[in-house]
Structure formats: structure tokens, C-alpha cells
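I have placed the structure first, in the form of C-alpha cells, so that the comments after it can refer back to it.
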Amino acid sequence: MRRSDDGRHLSTEFVINDQAAGYPRRTVETTATPEELDGLVGSGYLVLRGVLDRETAGALAEAVLRLAESEADRPEAESLPGDSIYIRSLLDKDPVFHPLLRFEPPLSIARTLLGPQVWIDLEARLNHAGRPGVSVPWHAHLPVIPDPVPALFSHPHQIHCLLYLDHITEREGALCLIPGSHSRGDLRIPLGDQSDRPGQVELYFEPGDAVLIHANLWHRTVPSKADAGYRRLLLLGFVPSWVRSDVGRGVAAERPLTVELARSGDAETRELLGEFQW
Ligand SMILES: O=C(O)CCC(=O)C(=O)O
Ligand SMILES: [Fe+2]
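Just so you know, we're using the numbering used here here: the sequence shown kicks off at 8 and counts up by one.
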């Protein structure tokens, strides 16, 4: 890694050990400082203020609301009707989200820390306005670390960007997180717990602010008040490129038998077929 002459860009030159591709080089330049990167690795989070202008944040917020309204009545919708909804696969649903494929500085920060090859999963969460008590209890996004940790365990390193499109004040409820908790294997918070925890940090946001978190950082939201406005945020998951369930080439089966196998199979069978959700 090296700093450029103007001191603003940290540049990392990677050589990828891909024989078939001729050992390609990838240079990743980021405006984040070494201190910010170290902070993200050590504490598990990094706040980025004003990464989107108000106008863009507003346009994305409207698109999220449109999708929420069009999906809310679908039986598969992940919603608590009237309170909140998750909207998945945004890049397939509206091209207004496509510029986020090159969203800086989160992309170059993710590539500097995870490696130059990442893909982006884009989702949204919306809490409706005027609904008290809407919250997300303590959780981490990738609860897959076994105890003991096996010798060849693949640590679930991902960077998730929570990009806020609305004002998040005490009315909408702070985002709380526990610094350093992404590397604390001993922390086991019961499902549904919403209590204050020692050392928790409370964050508030303006539209266009973001926070990068390690996917295993424990976090929650404080319940909304009756006079809360909308809480809309985008969740960009930066995922190492090789972490995928599909091979993506060769002759595809005309009628994939595994679909039926998964439908009729038990949980272990479905897991062996690649089922996983966070
Ligand atoms: O609403 C927020 O501020 C965060 C929500 C969250 O942590 C999640 O949906 O996983
Ligand atoms: Fe979360």
C-alpha cells in the first residue's frame, strides 16, 4: 500500500493468483485514510457523513417507497404490515439504483479490506411514518461462526453499508452498535433483546449519511416514537466474489431436480443444496 503524493489517495496494488487469467493486477485507490480503515477493522464500523447529496437521497427514497407500496400486499413480502418492510434484489427492480454499483468511497474501502473482487447485494428497509415501537433488536448479519472454530473455517468477512435516506432522530430511533463486537465470539445476546448494553454507541443520521459495518457487528435500532417520520435505508452488502451458490456456467439443467429436492427435503438437505439466509 502507498499514499499518493497529494496524500489523499491510498493505493493498493493487488496481483490475483489466477493462472488462467494471467495473474491479473488490480489497483484499488481509496480516499479513506489508514486510520479510518484501521478503525473499521478494529471497531467494526465507520461513519461516512454526506456520501450522497440530498437530491439523490430523495430520489432513492421515493423509489424505495414506490417498491414498498407495490410489494406490500404480496404474500411473500417480508413485511410487518403497516410497520416495516424489507425489499430485496433492488438492482433487478429499478435502474435508479444502478449508480450504486460504483458507490464511492464504500466500494474502494470494501475492496481495500476484502480484496479487489467483490459483488454487491442491494436491499432496502422501510419503516412507515407515525408508527411507534418499530425496531430491530440486537443482531449480527452472519451468525455462522461455530465454537470451536475449525482449522479451515472461512470467516464470514463482509462489509455492509447502511445508507440512510431519511433523517434519523430520536423520533425514528438511533442505530446502536457495540464497537468491537464483530470479533467477540463470546458475545451471545438472546433473540429479541433490546436492552442497552455497556459500551454501545448511538448514531443519528441525515439523508445521505452512511455507516459501514462488519457483517458480524452487533447492532439494533431504538424503537420509533409515534411522531416518527419514514425510516428508509439501503443495505449494500459487499461480498467476496467467490462467495456464491451458483457456478454460473456449463449446460444448465432443463428441469433442475434440486428445486424439488429442496422443496421436499429436510433442513440438512436444503443446507447441503446451498440454502442460506441472513
Ligand atoms: O434501520 C436501521 O437503522 C438498521 C436496520 C438493520 O440493522 C437491519 O435491517 O439489518
Ligand atoms: Fe442489521
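Don't be surprised by glycine CBs; every beta carbon is placed ideally from N, CA and C.
Who are residue i's beta bridge partners in DSSP?
i	result
Ser-86	Ile-92
Tyr-52	Ile-220
Phe-245	Ile-127, Ile-166
Thr-228	Leu-182
Leu-47	Looking at the DSSP assignment, Leu-47 forms no beta bridge with any residue, so it has no partner.
Arg-239	Leu-133
Val-250	BP columns for Val-250 are empty, so no partner.
Just checking: is the beta-carbon of residue i within a distance shorter than 7 Å of some beta-carbon in chain B?
i	result
Leu-87	The structure shown has no chain B; it contains just one protein chain.
Could you spell out where the beta strand (DSSP E) holding residue i opens and where it closes?
i	result
Val-208	208-210
Arg-32	32-37
Once you ignore the five residues that flank residue i on each side, which residues in its own chain have a CB closer than 6 Å to its CB?
i	result
Leu-133	Val-71, Ala-75, Ile-92, Arg-239
Arg-191	none
Val-103	Ala-70
Asp-273	none
Tyr-237	Ala-136, Asp-173
Val-35	Thr-19, Ser-115, Arg-118, Thr-119, Pro-123
Leu-67	Leu-172
Ala-39	Pro-112, Ile-116
Ala-269	Arg-277, Leu-280
Gly-57	Gly-215
Just to confirm the assignment, what range does the alpha helix (DSSP H) spanning residue i have?
i	result
Val-71	61-78
Ala-269	264-271
Ile-196	Run containing Ile-196: none; DSSP gives neither H nor E here.
Arg-109	Here Arg-109 belongs to no alpha helix (DSSP H), and DSSP marks it neither H nor E.
Glu-278	274-279
What I want to know is whether the C-beta of residue i ends up closer than 6 Å to one or more non-hydrogen atoms of ligand 1.
i	result
Arg-132	yes
Thr-228	yes
Val-143	yes
Leu-182	yes
Compute the minimum distance between the beta carbon of residue i and the heavy atoms of ligand 4, and state whether it is under 6 Å.
i	result
Thr-37	Ligands displayed in this structure: ligand 1 and ligand 2; ligand 4 is not among them.
Tell me which same chain residues have a C-beta within less than 8 Å of the C-beta of residue i, skipping the five on either side of it?
i	result
Leu-198	Pro-144
Gly-89	His-135, Arg-138
Ser-231	Asn-134, Arg-138, Pro-139, Gly-140, Val-141, Ser-142, Arg-178, Glu-179, Gly-180, Arg-238
His-189	Gly-51, Ala-147, Ile-220, His-221, Ala-222, Asn-223, Leu-224, Trp-225
Apart from the five residues just before and just after residue i, which ones in its own chain have a Cβ nearer than 7 Å to its Cβ?
i	result
Arg-33	Phe-21, Ile-23, Pro-123
Ala-233	Gly-137, Pro-139
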